[in-house]
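In the numbering used here, each residue carries its 1-based index in the sequence shown increased by 684.
Where is the CB? At the ideal position from N, CA and C, for every residue including glycine.
What you are looking at is a predicted structure, and each value in this text was computed from that prediction instead of being measured.
Since the structure comes first, as structure tokens, the remarks are kept for the end.
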Amino acid sequence: MDANAVALYLKENPQFFEEYADVVADIFVPHPHGGHAIPIAERQIVTLREKNTELENRLREMFRFGGENDQISERLHRSTLALIAAPDLETTLAVLYQSLQEDFGVANVACRLWGRVPEQSYLPELAAASQELREYADQLGAPYCGPIAPFESRDWFDGGEGCKSFAFLPLRTAHTFGLLGLADESAERYHAGVGTLHLTRLAELASVATARYLPSPA
């Protein structure tokens, strides 16, 4: 009889443990963390304690993530109220940048807007953007996170050569009209596996806020 047959027999005949309780009490097994042998009953207690510790750790992690998500939601709410109150495009962009830097700890923020732009406007965000960059933004179905700054976008950031990770958020309503860029010197800040739910919401918020002050396309 091999080990699998023994295990199957014990599973199918649980009364064995009642009928031979004294035998079970005399069985000693190696301690899971090394050292002396312990009774099989004590081994079960050790296993239960380990599972309990694992569950407690998972619960603490859930509470931590829940708290972090609540904080992010509150920050987004504050940003929304401030952007709604902004009376013009220049103020809207200033509020957006300040919120990202102070509320979300984003070191470098920049964006470009294109299409029909307000006349006599000298904002750097309305500087010409290459056709390649516009096409790149239009093809983004979701925020990009990773080490690559496409085309001329690295030049948007002060000290852009020192930035190692980037997030690029397409700005669009009925059509794509801009690109919001975030950059950091840490390669881990915006890596490919980072969640993009809050970035997507931020992109939607920034899109609606800035589109109000851009002429509608012909």
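Coarse secondary structure for residue i, derived from DSSP in three states
i: Tyr781; result: helix
i: Leu824; result: coil
i: Leu760; result: helix
i: Arg733; result: helix
i: Ala887; result: helix
i: Gln699; result: coil
i: Leu773; result: helix
i: Thr880; result: coil
i: Ala812; result: coil
i: Tyr661; result: There is simply no residue 661 to check, as the chain begins at 685 and stops at 902 in what is shown.
i: Tyr693; result: helix
Bridge partner(s) assigned by DSSP for residue i
i: Cys829; result: Ala851
i: Leu797; result: Gly862
i: Arg856; result: Thr860
i: Asp868; result: Ser849
i: Asn792; result: Ala867
Distance CB(residue i)-CB(residue j) smaller than 8 Å
i: Phe841; j: Trp798; result: no
i: His875; j: Ser891; result: no
i: Ala851; j: Leu883; result: yes
i: Leu898; j: Arg759; result: no
i: Cys795; j: Gly865; result: yes
i: Leu863; j: Leu886; result: no
i: Glu869; j: Gly846; result: yes
i: Ser763; j: Leu881; result: no
i: Val779; j: Gln785; result: no
i: Gly830; j: Ala867; result: no
Near the ligand PLP: residue i beta-carbon under 7 Å from a heavy atom
i: Glu816; result: Absence of the ligand PLP is noted for the structure shown, with no ligands found whatsoever.
Item to check | Inter-stretch contact (C-beta, 8 Å, three-pair minimum) for the segment 826 to 841 and the segment 765 to 781 | outcome: no
Checklist entry - Using 8 Å as the threshold, is the segment 775 to 784 in touch with the segment 814 to 824, meaning 3 or more CB pairs across them? => result no
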